[in-house]
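Read the structure below first, then the notes.
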Amino acid sequence: EKEGKMKDLESDLGSVRGNIEDKKQQEKVTEEKIAEYEKKISDLSEEQKENAAKHKSEIEALGVEKAKEDKIAANMVEKMKGLEEHANAESSRADDLEAKLSISQGEESSE
Numbered sequence: 033e034k035e036g037k038m039k040d041l042e043s044d045l046g047s048v049r050g051n052i053e054d055k056k057q058q059e060k061v062t063e064e065k066i067a068e069y070e071k072k073i074s075d076l077s078e079e080q081k082e083n084a085a086k087h088k089s090e091i092e093a094l095g096v097e098k099a100k101e102d103k104i105a106a107n108m109v110e111k112m113k114g115l116e117e118h119a120n121a122e123s124s125r126a127d128d129l130e131a132k133l134s135i136s137q138g139e140e141s142s143e
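Everything in the sequence shown is counted per the working numbering, starting at 33 for the first residue and increasing by one.
Quick look at the structure:
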């Protein structure tokens, strides 16, 4: 009877040891999965950082480009004002010449 109990106890002990090994294996697999997910998260954050830096530099480049375009537009507005002033001056001069011509023609016809 003692031998039967001993065999039962040894069998139970073997089961417990087997359960402990199974748990250790499960923990190892879980730790590997956790490490794998942490690496994926790390890779994603690196990718996000790279994307953010890329977008930031693209936005900065667009800002620089817009500033250049704004400067060009401002220069064109200044040139247009200059041309308009020149055209007005020429128009005034033409009006003056027409008036002088009209006066001199008037003087010629009165003579």
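All residues carry an ideal CB built from backbone N, CA and C; glycine is no exception. These numbers were taken from a predicted model, which means no experiment stands behind them.
Determine the DSSP secondary structure at residue i, reduced to helix, strand or coil.
i       : result
Glu-117 : helix
Glu-82  : helix
Glu-139 : helix
Glu-33  : coil
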